[in-house]
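Asks: Have a look at this one.
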Ligand code: HEM
Ligand code: FES
């Protein structure tokens with residue numbers, strides 16, 4: 001029975017399956033449009049943000065982790081001192097997600113009833129910083145100090161063998177907060193996964209207040225007023241960041257192969273990683289004439305696809321569904337938003353292309369390190 | 001009730017010349033004293049004197065910004081202490097770290113620094129998460145959000161530069177992989193797209209010894225030069241920048257009208 | 001002062017200011033690149049060709065110099081041990097007859113050609129020649145990249 005569950009979880013956590021599931025389930029949990037909202041209510045998912053829902057989520061995570069701790073293989077990975085922060089991260093992200101969403105839902109209900117939001121005490125209701133705030137701060141600092149001391153006494157900081165430039169550990173992992181990037185490296189070349197995407201994440205985050213022109217819902221928790229922006233932010237934060245970190249930490253083993261949580265990390269596991277470029281698909285497999293020698297001719301199909309990917313949707317959407325957005329934001333800001341959104345979607349797209357047709361590069365010009 | 005004049009040890013301390021010379025007001029008992037106490041202290045007047053009621057609620061701010069700042073202070077202090085024992089050279093770095101837990105009584109300073117760093121990364125993320133969920137990045141707080149994003153980036157960089165210092169297997173390979181990404185920076189790294197275009201005749205302007213990765217590592221591979229550069233950035237360069245930005249950040253929280261309030 | 005003249009002086013002033021600032025920042029950037037590097041010498045002798053077994057990957061210089069030497073029936077070549085993906089050190093797996101990188105799983109054939117995983121290009125080869133005393137000399141300051149067609153140059157392969 002237990003082994004059955006474990007085997008099932010192993011299969012479930014394969015990126016192909018878990019990522020697909022998450023993408024499908026996500027809009028029902030955090031509904032970005034009224035259509036999803038309808039199903040969200042019908043399926044009872046709004047109950048996740050009640051006290052009971054929170055307890056269930058807590059119990060669910062705890063059971064899986066407990067199952068892991070007592071498992072021979074998963075236990076080894078969970079028990080690593082450097083992985084403790086990830087467990088803390090999982091719990092705290094879920095807790096604060098629950099806290100903010102339940103506050104938001106409560107406020108939404110209040111507003112629907114025509115009442116004031118919970119945070120709104122009126123302009124005259126003020127408290128003194130001393131003592132009301134300084135005491136809270138002091139208690140928070142003391143609790144944090146105690147927490148850190150317990151953590152530090154209980155768990156010695158690890159130190160591995162001395163540096164040896166000729167022997168890479170297997171697997172060699174980046175610090176955990178960069179494992180999302182390292183996971184992207186499986187699908188994209190370093191100049192994209194390591195340089196361009198991080199830059200876009202920073203630029204995109206900084207641009208957020210300048211492109212989110214919805215003036216509503218500032219200064220209190222709320223969902224109904226800004227469902228689309230919360231959906232986009234949480235999709236990036238929870239699935240493309242936190243989830244990829246969890247995958248990178250717990251599910252990537254020797255040779256950067258994927259391992260289910262309860263699988264043994266065996267160096268001998270062989271996974272064929274033979275991937276094929278788009279140009280090879282086109283010239284060799286379809287047209288059967290061999291690769292042209294000039295790189296630009298060879299890659300012409302890929303180049304056209306990439307140009308169309310970034311060029312067509314903005315124009316089509318500007319005429320159609322997103323016309324209102326263009327009018328509100330103006331051309332420049334609209335272009336920025338849609339460029340960032342398309343770049344974000346490029347990651348899942350490339351993942352699926354890799355999983356389905358073993359695609360290595362859409363454009364491959366290794367002569368000048370230009371591979372997409 | 002609080003306004004009643006007390007006479008006791010506390011009150012006489014509060015009335016003493018030394019206390020008054022430092023804090024100006026006596027023991028903060030009356031409303032006026034409490035307000036003046038906050039106003040007159042260089043540290044406390046980071047805060048306004050009075051706040052809207054929801055702003056002091058844990059449920060609203062999660063105190064995550066405050067905890068990020070507190071963890072930064074913890075890391076600064078424990079980091080300075082660690083510097084007394086650590087020498088950033090390939091010869092000594094690893095053994096110095098090893099000795100830390102053995103040769104010093106109560107040797108958990110390294111643990112505090114390491115786990116504190118992890119905790120700070122998490123706290124800063126959660127702080128950003130709360131600012132997003134309360135919509136507090138909206139005007140007039142756009143700029144402070146941008147400052148925050150840069151500090152988030154710097155927090156990660158601080159953590160990353162510190163990762164190399166123990167000079168163990170984990171350290172050099174994480175940094176090798178990380179630094180090699182810099183090699184792929186378009187135009188600036190010698191294996192980045194476009195770098196080969198920047199050449200005069202046969203001479204590549206962006207080569208292994210003149211690209212951005214070299215500037216980071218101070219060498220062709222992760223060695224002596226890299227250790228020293230990361231050490232200096234970790235202990236002086238990045239904390240210096242982030243401290244300045246924190247000053248801007250806190251100043252702006254107040255200048256943008258204090259903690260965001262429902263509008 | 002005439003208006004014209006004033007404007008001229010003003011622009012000279014601004015240009016001088018911009019030039020000085022630019023020069024200063026150039027200096028700061030140049031400061032990051034030292035003239036002398038204290039890193040191990042780039043060329044070294046590895047012994048006589050007959051010291052190497054036929055069709056074997058010789059790992060004796062992996063630790064000290066980060067090269068593999070391979071001798072085939074036609075001659076010898078020196079492969080860099082730096083993975084072209086992100087610079088980890090792959091392992092030579094005799095049974096599978098391939099180099100396998102532990103970091104993200106790139107695989108390279110004995111020739112150095114990449115065939116699996118994320119590595120974008122083959123391993124690099126170094127200059128390899130016979131020294132005057134008949135020993136094999138490897139010079140890491142000159143490298144040859146397959147995708148640029150450089151493996152055909154005479155010094156990328158030592159015919160024996
Ligand atoms: C390096 C670490 C950081 C420190 C020490 C810090 C500290 C603080 C503190 C103490 C506050 C007061 C309110 C609170 O506690 O929530 C605050 C507010 C704020 N922070 Fe940060 N912060 C940091 C990073 C960030 C980041 C990463 C962002 C966003 C990307 C950000 C954006 C903001 C904004 C917009 C406010 C105003 C919120 C409001 O008015 O409700 N900060 N910060
Ligand atoms: S460094 Fe070798 S596969 Fe990434």
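Protein chains in written order, with the numbering used here: chain Z, 1 to 372; chain U, 1 to 263; chain Y, 1 to 160.
Ideal Cβ positions, reconstructed from N, Cα and C, are used throughout, including at glycine.
Model, not experiment: these values are computed from the prediction.
#1: Helix, strand or coil for residue 63 of chain Z, going by three-state DSSP, please let me know.
#2: The ligand FES heavy atoms versus the CB of residue 106 of chain Y: any closer than 6 Å?
#3: Taking the straight line between their C-alpha atoms, what separation do you get for residue 130 of chain Y and residue 158 of chain Y?
#4: Answer yes or no: the CB of residue 103 of chain Y versus the heavy atoms of the ligand FES, is any distance below 6 Å?
#5: Is it the case that the CB of residue 85 of chain Y approaches a heavy atom of the ligand FES more closely than 6 Å?
#6: To the nearest angstrom, report how far apart residue 84 of chain Y and residue 186 of chain Z are at their CA atoms.
#7: Closest to residue 231 of chain Z by CA distance: which of Z/34, Z/266, Z/4 is it?
#8: Mind listing the chain Z neighbours of residue 105 of chain Y? Cutoff is C-beta to C-beta under 7 Å, in chain order.
#9: Below 6 Å, is the gap between the Cβ of residue 76 of chain U and the nearest heavy atom of the ligand HEM?
#10: Relative to the ligand HEM, is the shortest distance from any of its heavy atoms to the C-beta of residue 137 of chain U smaller than 6 Å?
#11: What are the residues that DSSP puts in a beta bridge with residue 255 of chain Z?
#12: Mapping the DSSP letters down to three states, classify residue 108 of chain Y as helix, strand or coil.
#13: With a CB to CB cut of under 7 Å and the five nearest residues on each side skipped, what residues in its chain are close to residue 15 of chain Z?
#14: Starting from the C-beta of residue 100 of chain Y, find all residues in its chain whose C-beta is less than 7 Å away, skip the five residues before and the five after it, and write them out in chain order.
#15: Is it buried or exposed, residue 203 of chain Z, if we count other Cβ atoms within 10 angstroms and call 16 or more buried?
#16: Return no unless some Cβ of chain Z is closer than 7 Å to the Cβ of residue 196 of chain U.
#17: Using a Cβ-Cβ cutoff of 9 Å, what residues of the stretch 162-173 of chain U are near chain Z? List them in chain order.
#18: Is there at least one Cβ from chain Z nearer than 7 Å to residue 124 of chain Y's Cβ?
#19: Does the distance from the C-beta atom of residue 177 of chain Z to that of residue 107 of chain Z stay below 7 Å?
#20: Just checking residue 88 of chain Y against the ligand FES - is the residue's beta carbon closer than 6 Å to any of the ligand's heavy atoms?
#21: Please confirm if residue 279 of chain Z has its CB atom under 7 Å from at least one CB of chain Y.
#22: Answer with yes or no whether the minimum CB distance from residue 137 of chain Z to chain U is below 7 Å.
#23: Given a cut-off of 7 Å, decide if residue 53 of chain U and residue 117 of chain Z are closer than it, judged by their beta-carbon atoms.
#24: Below 8 Å, can you find three or more Cβ-Cβ pairs linking the stretch 208-216 of chain Z to the stretch 191-198 of chain U?
#25: Residues of chain Y with a CB under 7 Å from the CB of residue 217 of chain Z: which are they?
#26: At a cut-off of 6 Å, is residue 99 of chain Y close to the ligand HEM when judged by its beta-carbon and the heavy atoms of the ligand?
#27: Can you give me the C-alpha to C-alpha distance between residue 95 of chain Z and residue 131 of chain U, rounded to a whole angstrom?
#28: Which residues does DSSP list as the beta-bridge partners of residue 47 of chain Y?
#29: I want to verify the contact list: residues of chain Y whose CB lies under 8 Å from the CB of residue 376 of chain Z, in sequence order.
#30: How big is the Cα-Cα spacing for residue 36 of chain Z and residue 43 of chain Z?
#31: Anything in chain U within Cβ reach of residue 39 of chain Y, meaning under 9 Å, just list it in chain order.
#32: Pop quiz: residue 225 of chain U and residue 148 of chain Z are said to be a contact at Cβ under 8 Å. What is the actual Cβ separation, rounded to whole angstroms?
#33: I'd like to check one pair, residue 191 of chain Z with residue 199 of chain U: are the Cβ atoms closer than 7 Å?
#34: Residue 142 of chain Y by DSSP, collapsed to three states: which one?
#35: Which whole-angstrom value is the C-beta distance of residue 361 of chain Z and residue 349 of chain Z, which I expect to be below 8 Å?
#36: As a quick exercise: from Z/141, Z/159, Z/69, Z/154, pick the residue whose alpha carbon is nearest that of residue 95 of chain U.
Replies: The structure says:
#1: In the first chain, the residue the question calls residue 63 of chain Z occupies position 63. Of the three classes helix, strand and coil, the one that applies to residue 63 of chain Z here is helix, per DSSP.
#2: For this step, residue 106 of chain Y is matched to residue 106 along the third chain. Yes - the ligand FES has a heavy atom lying nearer than 6 Å to the Cβ of residue 106 of chain Y.
#3: Counting from 1 along the third chain, the entry for residue 130 of chain Y is found at position 130. Counting from 1 along the third chain, the entry for residue 158 of chain Y is found at position 158. In this structure, the alpha-carbon of residue 130 of chain Y lies about 8 Å from that of residue 158 of chain Y.
#4: Within the third chain, numbered from 1, the residue matching residue 103 of chain Y stands at position 103. Residue 103 of chain Y Cβ: within cutoff of the ligand FES.
#5: For the purposes of this step, residue 85 of chain Y is taken as residue 85 along the third chain, with counting starting at 1. Indeed, a heavy atom of the ligand FES lies less than 6 Å from the Cβ.
#6: Stepping through the third chain from its first residue, residue 84 of chain Y is reached at position 84. Stepping through the first chain from its first residue, residue 186 of chain Z is reached at position 186. Whole-angstrom Cα-Cα distance: 14 Å.
#7: Along the first chain, one-based indexing puts residue 231 of chain Z at 231. Of the listed residues, the one whose Cα sits closest to residue 231 of chain Z is Z/34.
#8: Counted from its first residue, the third chain places residue 105 of chain Y at position 105. What residue 105 of chain Y touches in chain Z: 255, 256, 257, 273.
#9: Looking up residue 76 of chain U in the second chain gives position 76. No - the ligand HEM has no heavy atom lying nearer than 6 Å to the Cβ of residue 76 of chain U.
#10: Mapped onto the second chain, residue 137 of chain U falls at position 137. Answer for residue 137 of chain U: yes, Cβ within range of the ligand HEM.
#11: Translated into positions along the first chain, residue 255 of chain Z becomes position 255. DSSP output for residue 255 of chain Z lists no bridge partner at all.
#12: Position 108 of the third chain, counting from 1, holds the residue named residue 108 of chain Y. In this structure, residue 108 of chain Y counts as strand in the three-state DSSP scheme.
#13: Numbered from 1 along the first chain, position 15 holds the residue referred to as residue 15 of chain Z. Non-local C-beta neighbours of residue 15 of chain Z in its own chain, meaning closer than 7 Å and more than five positions away in sequence, comprise 247, 258, ordered along the chain.
#14: As a working mapping, residue 100 of chain Y is identified with position 100 in the third chain. Here the set comprises 90, 91, 93, 107.
#15: Numbered from its first residue, the first chain carries residue 203 of chain Z at position 203. With fewer than 16 other Cβ atoms within 10 Å, it is exposed.
#16: Walking along the second chain from the start, residue 196 of chain U turns up at place 196. Cβ-Cβ to chain Z under 7 Å: yes for residue 196 of chain U.
#17: 163, 166, 167, 168, 169, 170, 171, 172, 173
#18: One-based indexing of the third chain puts residue 124 of chain Y at position 124. Taking Cβ atoms only, chain Z never reaches closer than 7 Å to residue 124 of chain Y, which makes this a no.
#19: For the purposes of this step, residue 177 of chain Z is taken as the residue at position 177 of the first chain. For the purposes of this step, residue 107 of chain Z is taken as the residue at position 107 of the first chain. Against a cut-off of 7 Å, the Cβ pair of residue 107 of chain Z and residue 177 of chain Z comes out as no contact.
#20: One-based indexing of the third chain puts residue 88 of chain Y at position 88. Of the heavy atoms belonging to the ligand FES, at least one sits nearer than 6 Å to the Cβ of residue 88 of chain Y.
#21: To locate residue 279 of chain Z, count along the first chain from 1; it is residue 279. It does not: the Cβ of residue 279 of chain Z has no partner Cβ on chain Y nearer than 7 Å.
#22: Numbered from its first residue, the first chain carries residue 137 of chain Z at position 137. So yes, residue 137 of chain Z belongs to the interface.
#23: Locating residue 117 of chain Z in the first chain gives position 117, counting from the first residue. Locating residue 53 of chain U in the second chain gives position 53, counting from the first residue. It is not a contact, given that the beta carbons lie outside the stated cut-off.
#24: Pairwise C-beta distances place the stretch 208-216 of chain Z out of contact with the stretch 191-198 of chain U, as fewer than three of them are shorter than 8 Å.
#25: For the purposes of this step, residue 217 of chain Z is taken as residue 217 along the first chain, with counting starting at 1. The premise fails here: residue 217 of chain Z is roughly 42 Å from chain Y at the closest Cβ pair, so nothing lies under 7 Å.
#26: Along the third chain, one-based indexing puts residue 99 of chain Y at 99. Checking the Cβ of residue 99 of chain Y against the ligand HEM gives no.
#27: Position 95 of the first chain, counting from 1, holds the residue named residue 95 of chain Z. Position 131 of the second chain, counting from 1, holds the residue named residue 131 of chain U. So the alpha carbons of these two residues sit roughly 16 Å apart.
#28: Counting from one through the third chain, the residue named residue 47 of chain Y turns up at place 47. Answer is Y/136.
#29: Given a span of 1 to 372 for chain Z in the structure shown, any question on residue 376 of chain Z remains unanswerable.
#30: For the purposes of this step, residue 36 of chain Z is taken as residue 36 along the first chain, with counting starting at 1. For the purposes of this step, residue 43 of chain Z is taken as residue 43 along the first chain, with counting starting at 1. Rounded to whole angstroms, residue 36 of chain Z to residue 43 of chain Z spans 10 Å at the Cα level.
#31: Residue mapping note: residue 39 of chain Y aligns to position 39 of the third chain, counting from 1. Ordered by position in chain U, the residues that pass the 9 Å Cβ test against residue 39 of chain Y are 219, 220, 221, 223, 224, 225.
#32: Counted from its first residue, the second chain places residue 225 of chain U at position 225. Counted from its first residue, the first chain places residue 148 of chain Z at position 148. Wrong, their Cβ atoms sit about 33 Å apart, outside the cutoff.
#33: Along the second chain, read from residue 1 onward, the residue named residue 199 of chain U stands at position 199. Along the first chain, read from residue 1 onward, the residue named residue 191 of chain Z stands at position 191. No; because the gap between Cβ atoms is not below 7 Å, this pair is not in contact.
#34: For the purposes of this step, residue 142 of chain Y is identified with residue 142 of the third chain, where counting begins at 1. Strand.
#35: For this step, residue 361 of chain Z is matched to residue 361 along the first chain. For this step, residue 349 of chain Z is matched to residue 349 along the first chain. Actually they are not in contact, since the Cβ atoms of residue 361 of chain Z and residue 349 of chain Z sit about 13 Å apart, beyond 8 Å.
#36: Indexing the second chain from 1 puts residue 95 of chain U at position 95. Looking at the Cα atoms, Z/159 is the closest of the given residues.
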